[in-house]
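K.L.:
Anchor point for the sequence shown: position 213 equals 213 in UniProt numbering, and the numbering is continuous, going up by one each time.
Yeah, the Cβ is synthetic: ideal placement off N, Cα and C, and Gly gets one too.
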Amino acid sequence: MAELIHKGNTDFSTWPVDIRRFMRLHTNKRFLEDRLREIPGKQYSLKYPTYGMSLYRTGRKLRVSPLHSKLQAAGAVYGEVLGYERPLFFKPDEADKNYEDLSKQGTFSKARWFNTVKKEYNVCRKGVAIIDMTSFTKYELKSANRSVVDFLQMLCANNIDKPIGTVVHTGMLNEQGGYENDCSVIRLGEYHFLLVSPTAQSTRNMKWLKSHVPEDGSVLLSDVTSLYTALNVIGPKAKYLLAELSDEDFNDFARMTCQ
1 MAELIHKGNT DFSTWPVDIR RFMRLHTNKR FLEDRLREIP GKQYSLKYPT YGMSLYRTGR
61 KLRVSPLHSK LQAAGAVYGE VLGYERPLFF KPDEADKNYE DLSKQGTFSK ARWFNTVKKE
121 YNVCRKGVAI IDMTSFTKYE LKSANRSVVD FLQMLCANNI DKPIGTVVHT GMLNEQGGYE
181 NDCSVIRLGE YHFLLVSPTA QSTRNMKWLK SHVPEDGSVL LSDVTSLYTA LNVIGPKAKY
241 LLAELSDEDF NDFARMTCQ
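Next comes the structure, spelled out in structure tokens:
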């Protein structure tokens, strides 16, 4: 802790105690009153390999996707990441009324949800599936000149100065060469980019970007996470599904590009 205060960084990960794990919404008094009742029991309970599925029951539904009610009606069992409700898996048609509660219990053996997730995984691998990824963090960056390109080139490990329509998956590194965040950078225009990163990194990403953005205001940075619904159409048959819904030709839709 002294090293973190003195130098601003440490030689090992301090993420479990990092304030950037939270958002401003987590300071809401009503949320804290609900969640704090549950934290001691979680903190001192037996830790299972599937502990991540043993989710908090309090302080829920702070942020939801526009598709939340439709997915819930289809049997979605929800978890929560940084206040955002996200489907973990879908209940089988034959599931009993206690399936969801039992599925979230920790275990040292194969979890109750294992076969359900296995089926969903195989659909993604062999067919086509749709995943709601609305919760993923989305930042818009733009400028009137090359400032935004130079800014991202400085922060990102990979070369992002690619043609318009290119998607570059990259990390943003700190002075020690360690990862600050993991993201995909989408070039929408000559000086216009969309940066997408995991939900849990939202606060951390914004702080990192703001701490390096040019002070002259030449680069405009906006959090547009709540402005867009994001669907991941995945699987070897994904392009056939999209072809039925659009007049565009997806046969030449190259990997790591956008349209």
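List the whole-angstrom C-beta distance separating E180 from W208, where the pair is believed to meet the contact cut-off of C-beta under 8 Å.
P.N.:
Residue 180 sits at position 180 when you count from the first residue of the sequence shown. Residue 208 sits at position 208 when you count from the first residue of the sequence shown. E180 to W208, Cβ: 5 Å. Contact.
K.L.:
Taking just the CA atoms, how far does K119 sit from V128?
P.N.:
Walking along the sequence shown from the start, residue 128 turns up at place 128. Walking along the sequence shown from the start, residue 119 turns up at place 119. If I take the Cα positions, the gap works out to 12 Å.
K.L.:
Which residue marks the beginning of the alpha helix (DSSP H) containing S73, and which one marks its end?
P.N.:
Within the sequence shown, numbered from 1, the residue matching residue 73 stands at position 73. What sits at residue 73 in the sequence shown is Ala, not Ser. That run of the alpha helix (DSSP H) goes 68-73.
K.L.:
Given a threshold of 16 other Cβ atoms within 10 Å of its Cβ, counted over all protein chains shown, does H68 qualify as buried or as exposed?
P.N.:
Working through the sequence shown from its first residue, we reach residue 68 at position 68. Burial call: buried.
K.L.:
What number of angstroms, rounded off, separates the C-alpha of Q105 from the C-alpha of S202?
P.N.:
One-based indexing of the sequence shown puts residue 105 at position 105. One-based indexing of the sequence shown puts residue 202 at position 202. So the two alpha carbons sit approximately 28 Å from each other.
K.L.:
Near A200, which residues of its chain fall below 7 Å by C-beta distance, leaving aside the five closest residues on each side in sequence?
P.N.:
Taking the first residue of the sequence shown as position 1, residue 200 is located at position 200. Closer than 7 Å at the Cβ level, and outside the excluded window around A200, lie V81, L82.
K.L.:
For my contact list, F89 and A74 are in at a C-beta cut-off of 8 Å; report their separation, rounded to the angstrom.
P.N.:
Residue 89 sits at position 89 when you count from the first residue of the sequence shown. Residue 74 sits at position 74 when you count from the first residue of the sequence shown. Contact doesn't hold; Cβ gap of about 11 Å is too wide.
K.L.:
Where does M1 fall in DSSP's three states?
P.N.:
Taking the first residue of the sequence shown as position 1, residue 1 is located at position 1. The answer is coil: DSSP assigns M1 none of H, G, I, E or B.
K.L.:
Go ahead and pull the three-state DSSP assignment for T137.
P.N.:
Indexing the sequence shown from 1 puts residue 137 at position 137. T137 falls in the strand class under three-state DSSP.
K.L.:
If you pair each beta-carbon of the segment 164-173 with each one of the segment 184-199, do three or more pairs fall below 8 Å?
P.N.:
Short answer: they touch.
K.L.:
Tell me which residues share the same chain as A238 and place their Cβ nearer than 8 Å to its Cβ, disregarding the 5 neighbours each side in the sequence.
P.N.:
In the sequence shown, the residue the question calls residue 238 occupies position 238. Closer than 8 Å at Cβ, skipping near neighbours: V128.
K.L.:
With a CB to CB cut of under 7 Å and the five nearest residues on each side skipped, what residues in its chain are close to D161?
P.N.:
The sequence position of residue 161 within the sequence shown is 161, counting from 1. Cβ neighbours of D161 beyond the five flanking positions: V149, Q153.
K.L.:
Can you give me the C-alpha to C-alpha distance between F193 and A230, rounded to a whole angstrom?
P.N.:
Residue mapping note: residue 193 aligns to position 193 of the sequence shown, counting from 1. Residue mapping note: residue 230 aligns to position 230 of the sequence shown, counting from 1. Rounded to whole angstroms, F193 to A230 spans 16 Å at the Cα level.
K.L.:
According to DSSP, which residues form a beta bridge with M172?
P.N.:
Counted from its first residue, the sequence shown places residue 172 at position 172. Looking at the DSSP assignment, M172 forms a beta bridge with C156, N181.
K.L.:
Within 8 Å (strictly less), CB to CB, does P163 reach chain B?
P.N.:
As a matter of chain content, chain B is missing from the structure shown, which is built from one protein chain.
K.L.:
Leaving out the 5 sequence neighbours to the left and right, which residues in its chain are closer than 7 Å to F10 when beta-carbon positions are compared?
P.N.:
Within the sequence shown, numbered from 1, the residue matching residue 10 stands at position 10. Per the sequence shown, residue 10 should be read as Thr rather than Phe. Same-chain partners within the cutoff: E3, L4.
K.L.:
Is the beta carbon of S222 closer than 8 Å to that of Y191?
P.N.:
Residue mapping note: residue 191 aligns to position 191 of the sequence shown, counting from 1. Residue mapping note: residue 222 aligns to position 222 of the sequence shown, counting from 1. Against a cut-off of 8 Å, the Cβ pair of S222 and Y191 comes out as no contact.
K.L.:
Would you please state the rounded distance, in angstroms, between the beta carbons of L173 and A157? I believe it to be under 8 Å.
P.N.:
Reading the sequence shown from its first residue, position 173 is the one you call residue 173. Reading the sequence shown from its first residue, position 157 is the one you call residue 157. Indeed they touch by this definition, with Cβ atoms about 5 Å apart.
K.L.:
Could you give the residue range of the beta strand (DSSP E) that holds S193?
P.N.:
For the purposes of this step, residue 193 is taken as the residue at position 193 of the sequence shown. The residue you asked about is not Ser; residue 193 is Phe in the sequence shown. Note, F193: beta strand (DSSP E), 192-197.
K.L.:
Any contact between the segment 92-103 and the segment 24-36? By contact I mean 3 or more CB pairs, one from each, below 8 Å.
P.N.:
No, the segment 92-103 does not touch the segment 24-36.
K.L.:
Could you tell me how far apart the beta carbons of Y56 and K47 are, in whole angstroms, since I believe they sit closer than 8 Å?
P.N.:
One-based indexing of the sequence shown puts residue 56 at position 56. One-based indexing of the sequence shown puts residue 47 at position 47. With a Cβ gap of about 15 Å, Y56 and K47 do not count as contacting.
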